[in-house]
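Residue numbers (our numbering): 1 to 316.
Note that CB positions come from ideal geometry on N, CA and C, so glycine has one too.
Before any comments, here is the structure.
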């Protein structure tokens with residue numbers, strides 16, 4: 001059974017060639033996108049057993065998503081193929097140091113039709129960690145209800161809940177409503193992994209350490225605030241640790257937060273201390289952004305170990 005179970009919407013991704021603006025791009029590479037499935041793939045590559053479920057359309061794009069996840073070793077046995085809705089689509093461009101434009105086709109998608117009835121209580125109870133994001137409850141009322149029920153089932157079974165708010169402003173037009181809902185989830189989570197901007201929204205604290213302490217005071221046993229090029233700040237049981245980011249030339253920053261989550265959780269599940277979790281999260285994020293694509297750059301365990309040993313010699 002999986003070490004980590006996660007759920008949400010996975011979409012077909014059409015990514016413009018690097019350096020091409022979305023408005024004028026003519027050529028696109030197809031892959032998959034979705035914060036939750038990104039984390040599942042990242043965990044699988046790091047040697048953990050990961051499961052993802054959600055709804056995809058009964059169409060070539062949806063079936064391709066399941067094929068891709070299976071190929072990455074992610075358990076999709078609880079995923080649902082919905083013959084009444086389409087698979088969501090995300091189209092974006094790719095830049096290292098320029099605002100990335102995104103176009104969605106996801107309103108009414110199969111992923112948004114997730115309901116509490118889609119949950120398998122025994123499957124959730126079998127995991128060590130349930131990873132939840134703030135994207136899923138923003139998709140629809142029924143997806144929000146499914147999120148609440150999944151957290152309840154996890155708590156009932158003694159499964160640790162890990163939460164990344166992953167605030168998407170276009171899905172949460174009312175930021176005050178978003179804050180209320182996301183704080184409710186954070187308050188029921190033992191691990192909270194979030195970006196600096198999200199920490200400001202949720203806690204009102206600009207200082208990352210103050211934001212981490214605020215979240216710890218509201219129930220989280222472990223908090224990590226991701227600071228991009230500034231690394232990440234972790235807090236656990238009163239212990240604080242600021243780990244440096246990997247100094248890299250980024251190709252594509254999208255997915256760095258998900259890579260961090262996978263690296264952090266993989267280390268946590270192996271019993272690492274706080275510095276070990278934060279450092280592995282930073283390594284995974286730094287390695288991932290050197291390759292274009294949401295999942296393509298997610299590192300394997302060997303790559304983490306080689307980078308930790310500073311082994312950068314060409315493999316030839």
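Legend entry - Closest residue to residue 203 among 189, 34, 218 (Cα-Cα distance): With distances taken between Cα atoms, residue 203 lies closest to 218.
Inset, instruction - Please determine, among 134, 139, 121, the residue with the shortest C-alpha to C-alpha distance to residue 159. - result: For residue 159, the nearest C-alpha among the options comes from 121.
Legend entry - Span separating the alpha-carbon of residue 112 from that of residue 222: About 30 Å.
Legend entry - Own chain residues within Cβ distance below 8 Å of residue 76, not counting five before or after: If we look at residue 76 and ignore the five residues flanking it on each side, its Cβ neighbours are 51, 52, 53, 66, 69, 70.
Inset, instruction - Taking 8 Å as the threshold, find out whether the segment 4-18 comes into contact with the segment 231-239 through three or more Cβ pairs. - result: With a cut-off of 8 Å, the segment 231-239 and the segment 4-18 do not count as touching, because too few Cβ pairs lie within range.
Legend entry - CB-CB length for residue 264 against residue 281, believed under 8 Å: Approximately 4 Å separates the beta-carbon atoms of residue 264 and residue 281; this is inside 8 Å, confirming the contact.
Inset, instruction - In the DSSP assignment, find the alpha helix (DSSP H) that holds residue 142 and state where it starts and stops. - result: Residue range 141-157 is occupied by the alpha helix (DSSP H) that includes residue 142.
Inset, instruction - Could you have a look at residue 7 and say whether DSSP puts it in helix, strand or coil? - result: Reduced to three states, the DSSP call for residue 7 is strand.
Inset, instruction - Could you please give the first and the last residue of the uninterrupted alpha helix (DSSP H) stretch that includes residue 198? - result: For residue 198, the enclosing alpha helix (DSSP H) stretches over residues 196-203.
Inset, instruction - Determine the DSSP secondary structure at residue 62, reduced to helix, strand or coil. - result: DSSP places residue 62 in helix when its eight states are reduced to three.
Inset, instruction - Inspect the beta-carbon positions of residue 261 and residue 193 and report whether they are closer than 7 Å. - result: Pairing residue 261 with residue 193 gives a Cβ-Cβ distance under 7 Å.
Inset, instruction - Indicate whether the contact test is met: 3 or more Cβ pairs, each with one atom in the segment 23-30 and one in the segment 114-131, closer than 8 Å. - result: Because the criterion of three Cβ pairs below 8 Å is not met, the segment 23-30 and the segment 114-131 do not touch.
Inset, instruction - Check whether the Cβ atoms of residue 44 and residue 72 sit closer than 7 Å, and answer yes or no. - result: A contact, by the Cβ cut-off of 7 Å.
Inset, instruction - Taking residue 289 and residue 256 to be in contact with their CB atoms under 8 Å, please state how far apart those CB atoms are, rounded to whole angstroms. - result: That pair is a contact at about 5 Å.
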